[in-house]
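So that you can map any letter, position 1 of the sequence shown is 4 in my numbering, and since no number is skipped, the others follow by simple counting. Everything on this sheet refers to the single structure shown next.
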Amino acid sequence: MKIRRYIQARNFLKEATLNIKNYDSILSKTRKDYEGLRNTGISCNALSNKIAVTRQCWNHVFKNPNKRSAKVKKLERALCFPYAIKLLNKTTTYQEVSREKDKGGNAHLFFGVIGYIRGNRIKVIIRKQEKNTNAKYVLFSFFQMSFAPAPKTKKETE
4 MKIRRYIQAR
14 NFLKEATLNI
24 KNYDSILSKT
34 RKDYEGLRNT
44 GISCNALSNK
54 IAVTRQCWNH
64 VFKNPNKRSA
74 KVKKLERALC
84 FPYAIKLLNK
94 TTTYQEVSRE
104 KDKGGNAHLF
114 FGVIGYIRGN
124 RIKVIIRKQE
134 KNTNAKYVLF
144 SFFQMSFAPA
154 PKTKKETE
């Protein structure tokens, strides 16, 4: 059986480790793109409405001191952001649905969209308040789950 190899697959963790010196510039570019989407939202065929982009996602992904305190982990997520947006634009279905309550007792639905973009397995989580009549779909989180193996070089095949 032949293994499929993706030339464009990227290991964001390895890339983040190598580009740690450009941390501020990469994060500021991601922030600029993120702020642009806050005005327009993200169109997604899998859900009937546009997905709102709020500060809540930015704080969850980049500002949470308990989950991601290392700069490398934050940079990995920043490099993944354009792929997450591309996945939401192209997807026609969501793969996961879960229901959770927050500290205030409000029930929320979480939709997980998983897909491959250029050989990278990306997961995007969208949140919606369950009992609210005008509840919006809100971008909650995104990350790279895995990446496809890169093509072997001539040295590796010999």
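Every residue, glycine too, gets a C-beta built ideally from N, C-alpha and C. Model, not experiment: these values are computed from the prediction.
Here N123 is bridged, per DSSP, to I120, F150. Only exposed fits N69, as fewer than 16 other CB atoms lie within 10 angstroms of its CB. Collapsing the DSSP output to three states places G115 in a strand. Rounded to whole angstroms, the gap between the alpha carbons of P85 and F146 is 11 Å. Between F150 and I128, the C-beta gap is not smaller than 8 Å, which leaves the two residues out of contact.
Under the 10 Å beta carbon count, E103 is surrounded by fewer than 16 other beta carbons and is classified as exposed. In this model, V75 and R13 are separated by some 15 Å (Cα to Cα). Here K24 is exposed, its C-beta having fewer than 16 other C-beta atoms within 10 Å. Comparing alpha carbon positions, the residue from N42, Y140, N123 closest to L16 is N123. Note on the segment 30 to 109: whole beta strand (DSSP E) runs with a minimum of 3 residues are 99 to 104, in chain order.
Under the DSSP assignment, A19 falls in the alpha helix (DSSP H) whose first and last residues are 15 to 21.
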